[in-house]
Every structure is written in structure tokens, then in C-alpha cells.
């Protein structure tokens with residue numbers, strides 16, 4: 001089965017609506033169409049992100065807690081043993097890349113144009129794709 005790391009922006013967007021590509025990706029994960037991989041870093045970052053005012057307007061306390069618990073209980077959690085430094089434009093993105101590398105993920109799904117331009121479409125065998133590209137891939141693999 002395909003394995004993927006979703007960056008925090010994809011997770012956060014998907015948490016508040018299922019009508020967008022990030023939401024459709026999370027629906028596909030819930031339907032067991034791929035294995036979602038997270039790390040403690042990603043879990044911490046998504047928890048912080050969903051506390052920001054924009055997201056608080058769009059997600060209830062109960063839904064936020066349920067979403068974080070779903071990730072903790074159902075996603076595959078990997079340890080970051082081999083760090084990645086100075087590859088991405090932000091240290092947080094290096095940690096997301098490190099999650100994918102340490103888990104030997106097939107894909108890293110990101111909407112971060114700066115990351116895609118700097119790193120390219122492949123990093124240490126992990127394919128970097130946009131949400132739309134990942135949805136198309138999932139559709140082709142049904």
C-alpha cells in the first residue's frame with residue numbers, strides 16, 4: 001500500500017473541510033486507500049496550527065481533539081532518527097522531510113511551492129507531490 005507524509009498545511013486544511021483536495025486526501029486515508037505517516041514533530045505542529053485563530057473559527061474543540069486522537073491512534077508514527085538539516089526553506093519543513101525519510105515513505109504531499117522549487121520532485125527516493133497530484137495517483141491506484 002502507498003505510504004505518505006502530509007505536511008501540516010495539508011493536515012490542517014483537511015481537518016476543517018472535506019470539500020477540498022486536502023479533505024479528500026484525509027477521506028481517502030480514512031477509507032484505507034493509503035498509509036498516513038506522522039512523527040511527534042508533525043503531531044505537535046498540527047496541534048499548534050489548529051490552535052491558531054483562523055482554524056479556531058472553523059473547528060470545534062471536540063473536532064480538534066478527535067482529529068488529533070485519530071492521527072495519534074490510526075496513523076503510523078515514525079521516529080526521526082536521521083535528521084535532515086538545511087534542505088528546505090524552513091526548519092519545520094526539514095523535520096517533515098525527515099519524517100518521510102525515516103519512514104521510507106513513498107510520497108510527501110505538500111502545497112508549499114518554495115519547498116517544491118528548492119527540493120524538487122524527488123528527495124532521497126521520496127516523491128514530493130501536490131495534493132491534486134496525490135489525489136490523481138490514488139485514483140489511478142484503485
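Numbering (the UniProt record's numbering), first residue to last: 1 to 142.
For glycine and all other residues, C-beta sits at the position ideal for the given N, C-alpha and C.
Under the three-state reduction of DSSP, residue 2 is assigned to coil, being neither helix nor strand. A distance below 7 Å between beta-carbons, with the five flanking residues on each side excluded, links residue 78 to the following residues of its chain, in chain order: 37, 39, 99, 102 and 103. The alpha-carbon of residue 19 is positioned some 28 Å away from that of residue 120. With contacts defined as CB atoms closer than 8 Å, residue 123 and residue 97 qualify as a contacting pair.
Leaving aside the five residues that flank residue 33 on each side, the residues in its chain whose CB is nearer than 7 Å to its CB run, in chain order, 138. Ranked by how close their Cα comes to the Cα of residue 46, the residues 29, 24, 28 and 69 have 69 in first place.
For residue 101, the three-state secondary structure derived from DSSP is helix. According to the DSSP assignment, residue 73 belongs to no beta strand (DSSP E) but to the alpha helix (DSSP H) extending over 61-74.
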